[in-house]
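Right, one structure below, let's go through it.
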Amino acid sequence: MSATLRVRVWRGGPEGAFSEYAVPRRESQTVLDVVTYVQRYLDPTLAYRFACRVGMCGSCAMTVNGQPRWTCRTHLDRVAKGDRLEVAPLKNLPVIRDLVTDMRGFFDKWARAKGQFKGERKRGDDFARISPESEKRRLADVAIECIGCAVCYSACDVAAWNPDYLGPAALHRAWTLVNDERDTQQAARLRAVAGDAGCHSCHTHMSCTDRCPKALAPTAGIAGLKRAVAAAALQGGL
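In structure tokens form, the structure reads like this:
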């Protein structure tokens, strides 16, 4: 194994280009370690995001050798091709600068899919009790661990073709809330995800599920939304 890694890093905005750096290769090195080395020792103008470094926040997501990943949890031994590594911003999102993307559109779609919980109980009311054994609770639990890192959105082919597509993260969040018995905007949520840019635009390529760092299955959640939308339409609820 080479002691030096040749790293190509995207620099600039959408019309930028790759710059190459020589980075010392070390044991148990992550891709985030490599990017941090470039910024600290080779080019302090490099822009990138990170926070927790332990796979809790998702802010360090980048495209590594063509695939979206959390760079803090991605070790070089898994992804480096010999002594070569390429790091770029997430796909399907506008590039602000270097490895930093504009996440506003991603979270706007989350809002468009009615991804916010809305209940009816007030502060003085007793807690709502949902049995952990109920079917809907189990379905909601499967999806609730999403942290909005946008890796699935970056991996999604439909999001690349159709900029209006809500995307797997927003739709998966909608599926979580569809199964939350406390929520009061179910009909509005199903209407929000039933349009041309909603759940029926999913081609079931499974890219989102394959790439999710938390091993969630947005494809399954979107399939559930398709069934829920069809059932509501047949019952006249849309």
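Going by the numbering used here, the first residue of the sequence shown is number 26, and it counts up by one from there. For each residue, glycine too, the CB sits at the ideal point set by N, CA and C.
Buried/exposed call for residue 251, threshold 16 Cβ in 10 Å: Here residue 251 corresponds to residue number 226 of the sequence shown, with the count starting at 1. It is buried - the Cβ of residue 251 has at least 16 other Cβ atoms within 10 Å.
Among 190, 103, 90 and 96, which has the Cα closest to the Cα of residue 76? Position 51 of the sequence shown holds residue 76. Considering only alpha carbons, the answer is 96.
What does the Cβ neighbour count give for residue 190, buried or exposed, with the cut at 16 atoms within 10 Å? As a working note, residue 190 is residue 165 in the sequence shown. Its Cβ being crowded by 16 or more others within 10 Å, residue 190 is buried.
Contacts around residue 15, its chain only, beta-carbon distance under 8 Å, and the 5 residues preceding and following it disregarded: Nothing about residue 15 can be read from this structure; the chain reaches only from 26 to 263.
CB residue 94 to CB residue 79, shorter than 9 Å? Along the sequence shown, read from residue 1 onward, the residue named residue 94 stands at position 69. Along the sequence shown, read from residue 1 onward, the residue named residue 79 stands at position 54. Contact: no.
Which word fits residue 70, buried or exposed, when buried means at least 16 other C-beta atoms lie within 10 angstroms of its C-beta? Position 45 of the sequence shown, counted from the first residue, corresponds to residue 70. By the neighbour-count rule (16 or more Cβ atoms within 10 Å), residue 70 is not buried but exposed.
Might you give, ordered along the chain, the residues of its own chain that have their beta carbon closer than 8 Å to the beta carbon of residue 63, omitting 5 neighbours on each side? As a position in the sequence shown, residue 63 is number 38, starting the count at 1. Closer than 8 Å at Cβ, skipping near neighbours: 32, 34, 46, 48 and 71.
Sequence ranges, alpha helix (DSSP H) only - wholly within the stretch 143-197, length at least 4: 160-168, 176-180 and 182-186
Scan the stretch 33-78 and note each continuous beta strand (DSSP E) run of 3 residues or more that stays entirely inside, going in chain order. 42-49
Assigned exposure category for residue 53 - 16 Cβ within 10 Å defines buried: For the purposes of this step, residue 53 is identified with residue 28 of the sequence shown, where counting begins at 1. Burial call: exposed.
With distances taken Cα to Cα, identify the nearest neighbour of residue 280 among 114, 59 and 117. Outside the displayed range of the chain (26 to 263) lies residue 280, so it cannot be described from this structure.
Do residue 234 and residue 222 have their C-beta atoms closer together than 9 Å? Translated into the one-based positions of the sequence shown, residue 234 becomes position 209. Translated into the one-based positions of the sequence shown, residue 222 becomes position 197. Residue 222 sits away from residue 234, with the two beta carbons spaced by 9 Å or more.
Tell me the rounded alpha-carbon separation between residue 138 and residue 184. By 1-based counting over the sequence shown, the position of residue 138 is 113. By 1-based counting over the sequence shown, the position of residue 184 is 159. About 15 Å.
Residue 134: buried (16+ other C-beta within 10 angstroms of its C-beta) or exposed? Numbered from 1 along the sequence shown, position 109 holds the residue referred to as residue 134. Buried, because 16 or more other Cβ atoms sit within 10 Å of the Cβ of residue 134.
What did DSSP end up calling residue 245 once you bin it into helix, strand or coil? Along the sequence shown, one-based indexing puts residue 245 at 220. DSSP places residue 245 in helix when its eight states are reduced to three.
Distance, residue 226 Cα to residue 257 Cα: Working through the sequence shown from its first residue, we reach residue 257 at position 232. Working through the sequence shown from its first residue, we reach residue 226 at position 201. The straight-line gap from Cα to Cα measures roughly 18 Å.
Is the beta carbon of residue 196 less than 9 Å from the beta carbon of residue 224? Residue numbering aside, residue 196 sits at position 171 when the sequence shown is read from its first letter. Residue numbering aside, residue 224 sits at position 199 when the sequence shown is read from its first letter. Against a cut-off of 9 Å, the Cβ pair of residue 224 and residue 196 comes out as a contact.
Measure the C-alpha to C-alpha separation of residue 261 and residue 205 and round it to an integer number of angstroms. Along the sequence shown, one-based indexing puts residue 261 at 236. Along the sequence shown, one-based indexing puts residue 205 at 180. Going from the Cα of residue 261 to the Cα of residue 205 covers about 21 Å.
Element boundaries [alpha helix (DSSP H), containing residue 98]: Reading the sequence shown from its first residue, position 73 is the one you call residue 98. Unbroken run through residue 98: none, as it is neither H nor E.
Where does the unbroken alpha helix (DSSP H) through residue 234 begin, and where does it stop? The residue labelled residue 234 in the question sits at position 209 within the sequence shown. Start and end: 232-236.
Bridge-paired residues (DSSP) for residue 210: Stepping through the sequence shown from its first residue, residue 210 is reached at position 185. Paired residue(s): none; residue 210 is not in a bridge.
Own chain partners of residue 155 with C-beta closer than 6 Å, once the 5 adjacent residues on each side are dropped: By one-based count along the sequence shown, residue 155 stands at place 130. These residues qualify, in order along the chain: 162 and 206.
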